[in-house]
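Protein sequences appear in the order of chains A and B. Residue numbers for the first sequence follow my numbering, so the first one is 2 and each next one is one higher. Residue numbers for the second sequence follow my numbering, so the first one is 25 and each next one is one higher.
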Amino acid sequence: MATAMIAPETIKEIPENDFFLTPSCILGAINPGTEILISRIYDLLGLRWKAAGDRPESQCTCCTGFSSHGDLISIESTLLVTARLWSVAAEVGIENITTACVTSYAIHNECLEMYHHEPGLHERVDRWLQQACGRRLQLPKHVVHASDIMYRNRQALAEKLRYRLVDHNTGRPLRIVDHVGCHYAKVFPEKAIGGSESCDVLAGLIRAWGGETVDYPERRHCCGMGFRQCAIRPNRGYTMACVLKKLESMEPWKPDAILTNCPGCNLFLDKEQWAILQMTGVEYNIPTLSYTELAGLLLGWDPYDVVGIQGHTVPVEPLLDKLGIPYDKSKEWIKKENQEATSELA
Amino acid sequence: MKGDGAAAPKMLPSDLLSKKHEELDLIPDSELVTAYEQLRDEESSAGDAYPNIRYLYGTSLEREKDRREIRAQAESCETEMQQWYEKARNEPCTWWLKNHLVAKHALKSCLACGVCTAQCPAAQYYPEYNPRIILDTALSDNEQRLVELLKSDVLWYCGQCSSCKPLCPLGNNLMGLISSLRFLAQLKGYHLHSVRGRQQYAMRHLCGGNLWNRACSLYFRNVTAEGHPDFGPRHAKYQSDAEGQMVRLGANPDRPGHFGGRKLSPQTLAEFRSCLASGGTLVLWNQLEECASEDAGASGISIDEYHDRVHREG
Numbered sequence: 002m003a004t005a006m007i008a009p010e011t012i013k014e015i016p017e018n019d020f021f022l023t024p025s026c027i028l029g030a031i032n033p034g035t036e037i038l039i040s041r042i043y044d045l046l047g048l049r050w051k052a053a054g055d056r057p058e059s060q061c062t063c064c065t066g067f068s069s070h071g072d073l074i075s076i077e078s079t080l081l082v083t084a085r086l087w088s089v090a091a092e093v094g095i096e097n098i099t100t101a102c103v104t105s106y107a108i109h110n111e112c113l114e115m116y117h118h119e120p121g122l123h124e125r126v127d128r129w130l131q132q133a134c135g136r137r138l139q140l141p142k143h144v145v146h147a148s149d150i151m152y153r154n155r156q157a158l159a160e161k162l163r164y165r166l167v168d169h170n171t172g173r174p175l176r177i178v179d180h181v182g183c184h185y186a187k188v189f190p191e192k193a194i195g196g197s198e199s200c201d202v203l204a205g206l207i208r209a210w211g212g213e214t215v216d217y218p219e220r221r222h223c224c225g226m227g228f229r230q231c232a233i234r235p236n237r238g239y240t241m242a243c244v245l246k247k248l249e250s251m252e253p254w255k256p257d258a259i260l261t262n263c264p265g266c267n268l269f270l271d272k273e274q275w276a277i278l279q280m281t282g283v284e285y286n287i288p289t290l291s292y293t294e295l296a297g298l299l300l301g302w303d304p305y306d307v308v309g310i311q312g313h314t315v316p317v318e319p320l321l322d323k324l325g326i327p328y329d330k331s332k333e334w335i336k337k338e339n340q341e342a343t344s345e346l347a
Numbered sequence: 025m026k027g028d029g030a031a032a033p034k035m036l037p038s039d040l041l042s043k044k045h046e047e048l049d050l051i052p053d054s055e056l057v058t059a060y061e062q063l064r065d066e067e068s069s070a071g072d073a074y075p076n077i078r079y080l081y082g083t084s085l086e087r088e089k090d091r092r093e094i095r096a097q098a099e100s101c102e103t104e105m106q107q108w109y110e111k112a113r114n115e116p117c118t119w120w121l122k123n124h125l126v127a128k129h130a131l132k133s134c135l136a137c138g139v140c141t142a143q144c145p146a147a148q149y150y151p152e153y154n155p156r157i158i159l160d161t162a163l164s165d166n167e168q169r170l171v172e173l174l175k176s177d178v179l180w181y182c183g184q185c186s187s188c189k190p191l192c193p194l195g196n197n198l199m200g201l202i203s204s205l206r207f208l209a210q211l212k213g214y215h216l217h218s219v220r221g222r223q224q225y226a227m228r229h230l231c232g233g234n235l236w237n238r239a240c241s242l243y244f245r246n247v248t249a250e251g252h253p254d255f256g257p258r259h260a261k262y263q264s265d266a267e268g269q270m271v272r273l274g275a276n277p278d279r280p281g282h283f284g285g286r287k288l289s290p291q292t293l294a295e296f297r298s299c300l301a302s303g304g305t306l307v308l309w310n311q312l313e314e315c316a317s318e319d320a321g322a323s324g325i326s327i328d329e330y331h332d333r334v335h336r337e338g
């Protein structure tokens, strides 16, 4: 069953250019290629972006999202941390926040919305921010996720692709199941392209790049990352159960890959396939890629040196074989030349 | 707070890494914090702050250093929000629901349609979990029911995914409500009554330790193969050379830069810490320390053993 085209009124305003890119804790910790690929694709599209100011006190920190949903951070601290990031963006003359992480996207939007709902909050946070670090509260014009920018530019990217989402031997469009991050589509459904039920932010990329999408029954089910659920070992059964539910639901459609826009989903839909094999004996082996990883591969960028597919638990090479993308398996684990050696503590 | 005048054996900074809490406990605050900073910054050169921070995460020393720093700042209680959260600890739970910034905007009313529970991944996994009943408890204005909820394990089952929100006919924000109630449970020490609640001490030093020392909730060295046996042998292989693979891709593991694993400047870290403190978060972190210390004492175990236990029980 193909995903339907979405109604024009469900497409939100996405800024054209000038982005302040805020990084992701999870991507940075375990899937760094995805985050760096955002910057590479911005550069390829000729977009202007920054990730910090020029002063040593103007670097980009965590938004607190993982810890905030881990119930460790007061909402006022989160308001101050996001306000500080907005101040750094304003310092470099940028009004559009683009987040690498969907939880950051929701956090920034929640903070922005609170200023509209809570009388006097703007003045209080402005005062606290001045006291805390001498900065002023300046609300951004837009808060969007980096996948929104890819969606806006999907046709421009399609024109630059070296490979299409088709089986290069047969011409069959590859069947890609999307998994949109909950914090992209469900916290503010009205800000999700296509809404939360028929979100198109990833499906639109798949169609534009030649593939076929599937609206499988548990398409909207959470991956189960759950912050404190994945971080604390005895709670991880919840995460595994959610991943299993999704895999069982998508398996009848024989997907060639799973596409994600959330750091946590990309991590757990991939890595828990190994745990599920141990638990159930069922080997799903469905490659799981983020939207920038898929774009990077289709653009012909090196699978190991640029995209970083060696970080995935489910091997991506069988997908590359279908796409006709060459790779040198012997390069999988080599280190970059001139890499700085790790010194031991004296 | 350990007075600087207390008699204690002088230790070389590098000796401190192998010390357990009982030994570190004897060292005065300023000496301990200074020793940590010396160890972190040893052989520092211009443009490379914190050259040894990789060796400090997850250690008893870092936890003890954090404990002292947070306690000193929390007890000074200088900011408006620190004072607000100190006051809130002693107010009824019903007061919290009407006054906490998230809680008071989270709920409108409830039709009892149950769509929140029908959509909830946690309710599908935990048979005893029902977010509609949490909502009903919050709307009941019944202090006893709220206290029972805050002492329960079910409060901690929510995965914070917000699957309940899009289909709620009244637009209730259960994700926000539950997070707010969890915050209150910890402020009041009710989290000690549940296994899942006690796990917050592990979260405090995992994510909280990373935030306080690295301005990032997760650190790439956290995701060890031993800590994640569910991730399998390919992850173990990647993680054994994570730093090398990150450099290969253009990330910044324990280096200056914009991307994964980056070290932030001391000036940025100072601004970030000020934001956390000004927003009142340190009141919670100090309360978590006091509760953990009390609970460990009641169990006859050290705080290090307690920290290990809450990572594993559940």
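Note that beta-carbon positions come from the ideal geometry of N, C-alpha and C, so glycine has one too.
| field | Euclidean distance between Cα positions of residue 17(A) and residue 214(A) | value | Taking the first sequence and counting its residues from 1, one reaches residue 17(A) at position 16. Taking the first sequence and counting its residues from 1, one reaches residue 214(A) at position 213. Rounded to the nearest angstrom, the two C-alpha atoms are 27 angstroms apart.
| field | Cα-Cα separation between residue 169(A) and residue 156(A), rounded to whole angstroms | value | Translated into positions along the first sequence, residue 169(A) becomes position 168. Translated into positions along the first sequence, residue 156(A) becomes position 155. Spanning the two alpha carbons is a distance of roughly 21 angstroms.
| query | Does the Cβ of residue 327(B) have 16 or more other Cβ atoms within 10 Å, making it buried, or fewer, making it exposed? | reply | Along the second sequence, one-based indexing puts residue 327(B) at 303. Residue 327(B) is buried by the Cβ-count criterion.
| Would you call residue 33(B) buried or exposed, if buried means 16 or more other Cβ atoms sit within 10 Å of its Cβ? | Locating residue 33(B) in the second sequence gives position 9, counting from the first residue. Note on residue 33(B): pLDDT 49, under 50, position unreliable in the model; the coordinate value appears next. Residue 33(B) comes out exposed.
| request: Measure how close the beta-carbons of residue 299(A) and residue 163(A) come, nearest whole angstrom, since I'm counting them as under 8 angstroms. | output: Locating residue 299(A) in the first sequence gives position 298, counting from the first residue. Locating residue 163(A) in the first sequence gives position 162, counting from the first residue. Going by Cβ atoms, the distance from residue 299(A) to residue 163(A) rounds to 7 angstroms, so yes, they are a contact pair.
| said: In the DSSP assignment, the beta strand (DSSP E) including residue 278(B) goes from what residue to what residue? | reply: Translated into positions along the second sequence, residue 278(B) becomes position 254. Residue 278(B) -> no beta strand (DSSP E), and no H or E assigned at all.
| said: Taking the beta strand (DSSP E) that residue 258(A) belongs to, which residues open and close that run? | reply: Here residue 258(A) is taken as the residue at index 257 of the first sequence, counted from 1. Residues 258–261.
| field | Length of the line joining the Cα atoms of residue 174(A) and residue 128(B) | value | If you number the first sequence from 1, residue 174(A) lands on position 173. If you number the second sequence from 1, residue 128(B) lands on position 104. Computed Cα separation, rounded: 50 angstroms.
| query | Can you give the beta carbon distance from residue 220(B) to residue 180(B), rounded, assuming they're within the 8 angstroms contact cut? | reply | Mapped onto the second sequence, residue 220(B) falls at position 196. Mapped onto the second sequence, residue 180(B) falls at position 156. With a Cβ gap of about 3 angstroms, residue 220(B) and residue 180(B) count as contacting.
| field | CB contact below 9 angstroms: residue 121(B) versus chain A | value | As a first step, residue 121(B) is located in the second sequence; it is residue number 97 there, counting from the start. Residue 121(B) does not count as touching chain A.
| Helix, strand or coil for residue 344(A) per DSSP? | Locating residue 344(A) in the first sequence gives position 343, where the first residue counts as 1. Because the pLDDT at residue 344(A) is just 38, under 50, the model does not fix this residue reliably, and the value given afterwards should be weighed accordingly. Looking at residue 344(A) - three-state DSSP - the assignment turns out to be coil, as it is neither helix nor strand.
| request: Return the first residue and the last residue of the alpha helix (DSSP H) that residue 15(B) is part of. | output: As shown, chain B starts at 25 and ends at 338. That puts residue 15(B) outside it, with no answer to give.
| Can residue 232(A) and residue 231(B) be called in contact, C-beta distance under 9 angstroms? | Here residue 232(A) refers to the residue found at position 231 when the first sequence is read from its first residue. Here residue 231(B) refers to the residue found at position 207 when the second sequence is read from its first residue. Taking 9 angstroms as the Cβ cut-off, residue 232(A) and residue 231(B) qualify as a contacting pair.
| said: For residue 4(A), would you say it is in contact with chain B, using Cβ-to-Cβ distances shorter than 9 angstroms as the test? | reply: Position 3 of the first sequence, counted from the first residue, corresponds to residue 4(A). Confidence is the limiting factor: at residue 4(A) the pLDDT is only 44, short of 50, which leaves the residue's position unreliable, though a coordinate-based value still follows. By this cut-off, residue 4(A) is not an interface position.
| said: Quick check on residue 67(B): does DSSP put it in helix, strand or coil? | reply: If you number the second sequence from 1, residue 67(B) lands on position 43. The answer is coil: DSSP assigns residue 67(B) none of H, G, I, E or B.
| query | Got a sec? Which residues, its chain only, sit under 7 angstroms from residue 160(B) by beta carbon, not counting five neighbours each side? | reply | Residue numbering aside, residue 160(B) sits at position 136 when the second sequence is read from its first letter. 134, listed in sequence order.
| request: For the beta strand (DSSP E) containing residue 97(A), list its first residue and its last residue. | output: Your numbering for residue 97(A) matches position 96 in the first sequence. Note, residue 97(A): beta strand (DSSP E), 97–100.
| field | Rounded C-alpha distance that separates residue 75(A) from residue 241(B) | value | Position 74 of the first sequence, counted from the start, is the residue given in the question as residue 75(A). Position 217 of the second sequence, counted from the start, is the residue given in the question as residue 241(B). One C-alpha to the other measures close to 14 angstroms.
| said: Taking contact to mean 3 or more Cβ pairs, one atom from each stretch, closer than 8 angstroms, check whether the stretch 67–83 of chain A and the stretch 86–96 of chain B are in contact. | reply: Contact between the stretch 67–83 of chain A and the stretch 86–96 of chain B is absent, because fewer than three Cβ pairs lie under 8 angstroms.
| message | So, under 8 angstroms CB-CB, residue 239(B) and residue 293(B) are touching, yes? Tell me the CB distance rounded to an integer number of Å. | response | On the second sequence, position 215 is the one that residue 239(B) refers to. On the second sequence, position 269 is the one that residue 293(B) refers to. Right, their Cβ atoms sit about 5 angstroms apart.
| query | Once you ignore the five residues that flank residue 207(A) on each side, which residues in its own chain have a CB closer than 7 angstroms to its CB? | reply | Here residue 207(A) refers to the residue found at position 206 when the first sequence is read from its first residue. Answer for residue 207(A): 166, 177, 179, 214 and 260, listed in chain order.
| What residues in the stretch 81–112 of chain B have a beta carbon less than 9 angstroms from any beta carbon of chain A? | Those residues of the stretch 81–112 of chain B that come within reach of chain A (Cβ to Cβ, closer than 9 angstroms) are 103, 104, 105, 108 and 109.
| field | DSSP state of residue 28(B) mapped onto helix, strand, coil | value | As a position in the second sequence, residue 28(B) is number 4, starting the count at 1. Because residue 28(B) sits at a pLDDT of 47, beneath the cut-off of 50, its placement in the model cannot be relied upon, and the point is left open.
| request: Out of 133(A), 137(A) and 106(A), point me to the one whose CA is closest to residue 149(A)'s CA. | output: Counted from its first residue, the first sequence places residue 149(A) at position 148. The candidate whose alpha carbon is nearest that of residue 149(A) is 106(A).
| Proximity of residue 203(A) and residue 42(A) at Cβ, strictly below 9 angstroms | On the first sequence, residue 203(A) is found 202 positions in, with the first residue counted as 1. On the first sequence, residue 42(A) is found 41 positions in, with the first residue counted as 1. Against a cut-off of 9 angstroms, the Cβ pair of residue 42(A) and residue 203(A) comes out as no contact.
| Could you give the distance in angstroms between the alpha-carbon of residue 196(A) and the alpha-carbon of residue 190(A)? | Start at 1 with the first residue of the first sequence, and residue 196(A) comes out as number 195. Start at 1 with the first residue of the first sequence, and residue 190(A) comes out as number 189. Using only the alpha carbons, I get a separation of about 5 angstroms.
| said: So with CB distances below 7 angstroms, who are the chain B contacts of residue 312(A)? | reply: What you label residue 312(A) is simply residue 311 of the first sequence in a count that begins at 1. Ordered by position in chain B, the residues that pass the 7 angstroms Cβ test against residue 312(A) are 262 and 269.
| For residue 55(B) and residue 269(A), the rounded distance between their alpha carbons | By one-based count along the first sequence, residue 269(A) stands at place 268. By one-based count along the second sequence, residue 55(B) stands at place 31. Cα-Cα distance, rounded: 42 angstroms.
| field | Test item: CB-CB of residue 420(A) and residue 84(A) under 9 angstroms | value | Given that chain A is displayed from residue 2 to residue 347, the structure contains no residue 420(A) and the question cannot be resolved.
| said: Using beta carbons (cut-off 9 angstroms, strictly below), is residue 214(B) in contact with chain A? | reply: As a position in the second sequence, residue 214(B) is number 190, starting the count at 1. By the rule that beta-carbons nearer than 9 angstroms mark a contact, residue 214(B) does not touch chain A.
| query | Quick one: does residue 20(A) have its CB under 9 angstroms from some CB of chain B? | reply | In the first sequence, residue 20(A) corresponds to position 19, counting from 1. No, residue 20(A) does not count as interfacial toward chain B.
| message | Against chain A, does residue 140(B) count as a neighbour if the rule is that its beta carbon must be under 9 angstroms from one of theirs? | response | As a position in the second sequence, residue 140(B) is number 116, starting the count at 1. So no, residue 140(B) is outside the interface.
| message | Does chain B have any CB closer than 9 angstroms to the CB of residue 110(A)? | response | One-based indexing of the first sequence puts residue 110(A) at position 109. Residue-level contact check: residue 110(A) does not touch chain B, since none of the beta carbons of chain B fall below 9 angstroms from its beta carbon.
| Burial state of residue 192(A), where buried means 16 or more other Cβ atoms lie within 10 Å | In the first sequence, residue 192(A) corresponds to position 191, counting from 1. Buried, because 16 or more other Cβ atoms sit within 10 Å of the Cβ of residue 192(A).
| query | Does the Cβ of residue 8(A) have 16 or more other Cβ atoms within 10 Å, making it buried, or fewer, making it exposed? | reply | Position 7 of the first sequence, counted from the start, is the residue given in the question as residue 8(A). Result: exposed.
| Of all the beta strand (DSSP E) runs that stay within the bounds of the stretch 6–89 of chain A, which reach a length of 3 or more residues? | 20–23
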